[in-house]
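Novice:
Numbering (my numbering), first residue to last: 16 to 449.
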């Protein structure tokens, strides 16, 4: 009797609009079987250096068989020219302070948008169609011919498409949205006005108001792979050559970008210049009040941060011992003593990686807790939660004691762990049959 063995590899294409969705997918890809699966992560941006200070392959610890490509690759230029364009296109839109750089970026994007052939690239890579396409659930897809081509191709071939979360936690207690495919629903120029017909919307936690808006669209709650114990252990055991500053208190700062208006609304809000300035002014005051210590700051920026503006703020307040680290949150923890965060869901990841974490008090946290009782339950119990700036300074001093901060970290880990399931990776691999 002859048994036929199916040697077909499952083919996965991730369309990456913004880098946070990699925090969801990379932990899954680390544990898939390379003999059975083929993965391509593709971004319509010209370079991954828009977001990282290293090539994307360094986001991986053990699975080096994942492939990465950008819109420049779909021009099918010679390797030297392709590499050169990626390198000179490394700055994202918020870091183009030079007018000539802005003009050049627009020119590059115009050429890519009009002459790229992403479908040919995908077909060549997979030798056919992928089995799954993963896309961001955040609805900010760039307008352009490239994305129109891609999503028309997805629809024409009825490829199974899955929207993946871009945050470890999105508040559940208020309605936000609208939940539309890509961009604001009333913007007529958006390339795609509806979800692909063979589409499934994934959530990290139960989002009843999202489900309500999705209607008949398939949806699933899958958890957040980046905080599974098996992935945390993988990162902790990583043999890295990176060393933070030795013989000092090394503090990771989770910071956010800022705009001209807070625009606080349902599940939404931004920082303004004064918020970020006050954050660093408080840190400088803590430095001065604890001058017996040598402090070094590793700044983990939001994926769109204008570094020139931040350098000006740091110079203004007099903080000198700092460096920016542009990588995933998971690769930011090496040799860190504790974390100070503006309001961002990556603070929850810091806590689950057992990094003592102080939450800086700002209006955005308070407003979102009013809208979401689960956020209030998570944050207010934490040892690092600060009700005001005076409380922040007290906590800063407490966290300088290694025994205290380690005890705080254990308590906070146990508290936040209750809100996150611990089998997301295995669950997703089973769902996708990877």
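The C-beta atom is built at its ideal place from N, Cα and C for all residues, glycine as well.
Every value quoted in this text rests on a predicted model; they were computed, and no experiment measured them.
#1: Under a three-way DSSP split, which group does residue 136 fall into?
#2: Measure the C-alpha to C-alpha separation of residue 62 and residue 123 and round it to an integer number of angstroms.
#3: Over what stretch of residues does the beta strand (DSSP E) that includes residue 151 continue unbroken?
#4: One question on the structure: do residue 404 and residue 297 come within less than 9 angstroms of each other, judged by their Cβ atoms?
#5: Could you check what DSSP says for residue 380 in three-state terms: helix, strand or coil?
#6: Would you check if there are 3 or more beta carbon pairs closer than 8 angstroms linking the stretch 395 to 410 to the stretch 211 to 231?
#7: Check the C-beta distance from residue 180 over to residue 42 and give it rounded, since I have them as a contact under 8 angstroms.
#8: Going by C-alpha to C-alpha distance, which of 31, 438, 30 and 53 sits closest to residue 449?
#9: State the start and end residues of the unbroken alpha helix (DSSP H) segment that holds residue 219.
#10: Confirm, please, whether the CB-CB distance from residue 40 to residue 149 is below 9 angstroms.
#11: Return the chain-ordered ranges of every alpha helix (DSSP H) run that is complete within the stretch 27 to 107 and spans a minimum of 4 residues.
#12: Residues in its own chain within less than 8 angstroms of residue 387 by CB, not counting five upstream and five downstream?
#13: Would you list the residues sitting across from residue 175 in a DSSP beta bridge?
#14: Is it the case that the Cβ atoms of residue 420 and residue 368 are separated by a distance below 9 angstroms?
#15: Would residue 71 be called buried (16 or more neighbouring beta carbons within 10 Å of its own) or exposed?
#16: Tell me whether residue 229 sits in a helix, a strand or coil according to DSSP, three-state version.
#17: Going by C-alpha to C-alpha distance, which of 141, 160 and 280 sits closest to residue 81?
#18: Just mark residue 371 as buried or exposed, buried being the case when its beta carbon has 16 or more other beta carbons within 10 Å.
#19: With 16 as the cutoff for other CB atoms within 10 Å, does residue 233 come out buried or exposed?
#20: Go ahead and pull the three-state DSSP assignment for residue 320.
#21: Less than 9 angstroms between the beta carbons of residue 165 and residue 217, yes or no?
#22: Can you tell me the Cα-Cα spacing of residue 307 and residue 131, whole angstroms?
#23: Hey, residue 291 and residue 351 are a contact pair by Cβ (cut 8 angstroms); roughly how many whole angstroms apart?
#24: Just the C-alpha distance for residue 91 and residue 128, rounded to the nearest angstrom, thanks.
#25: Looking at C-beta atoms only, is the number of pairs between the stretch 314 to 321 and the stretch 264 to 278 that lie closer than 8 angstroms three or more?
#26: Could you tell me whether the Cβ atoms of residue 28 and residue 37 are closer together than 9 angstroms?
#27: Does DSSP put residue 351 in a helix, a strand or coil?
#28: Who are the near neighbours of residue 287 in its chain, counting only those whose CB is closer than 8 angstroms to its CB and skipping five residues on each side?
#29: Who pairs with residue 274 in a beta bridge, going by DSSP?
#30: To which residues of the same chain is residue 23 closer than 8 angstroms at the C-beta, ignoring the five residues directly before and after it?
#31: Count the other CB atoms, across all protein chains shown, that sit within 10 Å of the CB of residue 279; report buried if there are 16 or more and exposed otherwise.
#32: Comparing alpha-carbon positions, which option in 120, 427 and 435 lies nearest residue 87?
Specialist: Looking at the atomic coordinates:
#1: For the purposes of this step, residue 136 is identified with residue 121 of the chain shown, where counting begins at 1. DSSP places residue 136 in helix when its eight states are reduced to three.
#2: Along the chain shown, read from residue 1 onward, the residue named residue 62 stands at position 47. Along the chain shown, read from residue 1 onward, the residue named residue 123 stands at position 108. Looking at the two C-alpha atoms, the distance is approximately 11 angstroms.
#3: Residue mapping note: residue 151 aligns to position 136 of the chain shown, counting from 1. Per DSSP, residue 151 belongs to the beta strand (DSSP E) from 147 to 151.
#4: Numbered from 1 along the chain shown, position 389 holds the residue referred to as residue 404. Numbered from 1 along the chain shown, position 282 holds the residue referred to as residue 297. Cβ atoms of residue 404 and residue 297: closer than 9 angstroms.
#5: As a position in the chain shown, residue 380 is number 365, starting the count at 1. If DSSP states are grouped into helix, strand and coil, residue 380 belongs with the helices.
#6: no
#7: The sequence position of residue 180 within the chain shown is 165, counting from 1. The sequence position of residue 42 within the chain shown is 27, counting from 1. Between residue 42 and residue 180 the Cβ distance is about 12 angstroms, and since that is not below 8 angstroms, they are no contact.
#8: If you number the chain shown from 1, residue 449 lands on position 434. The candidate whose alpha carbon is nearest that of residue 449 is 53.
#9: Position 204 of the chain shown, counting from 1, holds the residue named residue 219. First-last for residue 219: undefined, no H or E at that position.
#10: Position 134 of the chain shown holds residue 149. Position 25 of the chain shown holds residue 40. Closer than 9 angstroms, so yes.
#11: 37 to 44 and 94 to 103
#12: Residue 387 sits at position 372 when you count from the first residue of the chain shown. So the qualifying residues of the chain are 186, 187, 188, 189 and 282.
#13: For the purposes of this step, residue 175 is identified with residue 160 of the chain shown, where counting begins at 1. In the DSSP output, where bridge partners are listed per residue, residue 175 has 147.
#14: Position 405 of the chain shown, counted from the start, is the residue given in the question as residue 420. Position 353 of the chain shown, counted from the start, is the residue given in the question as residue 368. The answer is no: Cβ separation not under 9 angstroms.
#15: Along the chain shown, read from residue 1 onward, the residue named residue 71 stands at position 56. So residue 71 ends up on the buried side.
#16: The residue labelled residue 229 in the question sits at position 214 within the chain shown. DSSP places residue 229 in helix when its eight states are reduced to three.
#17: As a first step, residue 81 must be located in the chain shown, where it is residue number 66. Residue 141 is the option with its Cα nearest to residue 81.
#18: As a working mapping, residue 371 is identified with position 356 in the chain shown. When all chains shown are included, residue 371 counts as buried.
#19: For the purposes of this step, residue 233 is taken as residue 218 along the chain shown, with counting starting at 1. The residue is exposed, with fewer than 16 neighbouring Cβ atoms inside 10 Å.
#20: Numbered from its first residue, the chain shown carries residue 320 at position 305. DSSP places residue 320 in coil when its eight states are reduced to three.
#21: Counting from 1 along the chain shown, the entry for residue 165 is found at position 150. Counting from 1 along the chain shown, the entry for residue 217 is found at position 202. Result no, Cβ atoms of residue 165 and residue 217 do not sit closer than 9 angstroms.
#22: Here residue 307 refers to the residue found at position 292 when the chain shown is read from its first residue. Here residue 131 refers to the residue found at position 116 when the chain shown is read from its first residue. Approximately 57 angstroms between the Cα atoms of the pair.
#23: Looking up residue 291 in the chain shown gives position 276. Looking up residue 351 in the chain shown gives position 336. The Cβ separation is near 21 angstroms, so there is no contact.
#24: Taking the chain shown and counting its residues from 1, one reaches residue 91 at position 76. Taking the chain shown and counting its residues from 1, one reaches residue 128 at position 113. Between residue 91 and residue 128, the C-alpha separation is close to 14 angstroms.
#25: yes
#26: Taking the first residue of the chain shown as position 1, residue 28 is located at position 13. Taking the first residue of the chain shown as position 1, residue 37 is located at position 22. Cβ atoms of residue 28 and residue 37: not closer than 9 angstroms.
#27: Within the chain shown, numbered from 1, the residue matching residue 351 stands at position 336. Reduced to three states, the DSSP call for residue 351 is coil.
#28: Counted from its first residue, the chain shown places residue 287 at position 272. 273, 274, 275, 276 and 277, listed in sequence order.
#29: For the purposes of this step, residue 274 is taken as residue 259 along the chain shown, with counting starting at 1. In the DSSP output, where bridge partners are listed per residue, residue 274 has 287.
#30: Counting from one through the chain shown, the residue named residue 23 turns up at place 8. Here the set comprises nothing.
#31: Numbered from 1 along the chain shown, position 264 holds the residue referred to as residue 279. Residue 279 is exposed by the Cβ-count criterion.
#32: Sequence index remark: in the chain shown, residue 87 carries index 72 (1-based). Of the listed residues, the one whose Cα sits closest to residue 87 is 120.
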